[in-house]
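These notes are about the structure you will find just below.
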Amino acid sequence: MRYEERAKLTAARALVPVAVLAASPVLLLAGAPIRRRYLRYVHRDGAPRILDKERGRISVHWFVVTSPLLRRLCLPTESLARVVSRRG
Numbered sequence: 000m001r002y003e004e005r006a007k008l009t010a011a012r013a014l015v016p017v018a019v020l021a022a023s024p025v026l027l028l029a030g031a032p033i034r035r036r037y038l039r040y041v042h043r044d045g046a047p048r049i050l051d052k053e054r055g056r057i058s059v060h061w062f063v064v065t066s067p068l069l070r071r072l073c074l075p076t077e078s079l080a081r082v083v084s085r086r087g
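Letter by letter, the sequence shown follows residues 0 to 87 of numbering that gives the first Met the number 0.
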């Protein structure tokens with residue numbers, strides 16, 4: 000979507016936290032692997048950029064990647080994965 004499309008940007012900004020909250024039980028149980036896979040998908044080779052300033056475009060993925068709510072919900076499984084990997 001384009002930067003000028005304020006209604007779409009506002010809708011995306013409002014609906015991403017709602018979607019993250021709807022998926023919160025899954026994220027609390029398996030958030031780290033899901034988040035890692037999603038980030039690999041978004042930043043894969045040949046993928047369109049999530050923020051393209053030259054063309055004035057922004058992707059909905061940008062709101063998901065920068066969501067502090069998503070980061071917080073994935074934190075318990077990320078810390079558990081770190082503890083398990085240290086014990087090895």
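Think of the CB as a built atom: it goes at the ideal place given N, C-alpha and C, for glycine as much as any other residue.
Exercise for review: Ignore the nearest five residues each way along the sequence and tell me which others in residue 69's own chain have a CB closer than 6 Å to its CB.
Suggested key: 19
**Study point:** Residue environment, residue 45, which counts as buried when at least 16 other CB atoms sit within 10 Å
**Key:** exposed
Point to revise | DSSP beta-bridge partners of residue 56 | key: 1, 51
Check your understanding: Apart from the five residues on each side of it in sequence, which residues of its chain come closer than 6 Å, Cβ to Cβ, to residue 21?
Key -> none
Review point. With residue 59 and residue 29 assumed to form a contact (beta carbons below 8 Å), what rounded beta-carbon distance in angstroms separates them?
Key: So it is not a contact: roughly 22 Å between Cβ atoms.
Point to revise | Distance CB(residue 66)-CB(residue 15) smaller than 8 Å | key: yes
Check your understanding: For residue 26, is the classification buried or exposed, using 16 other Cβ atoms within 10 angstroms of its Cβ as the cut-off for buried?
Key -> buried
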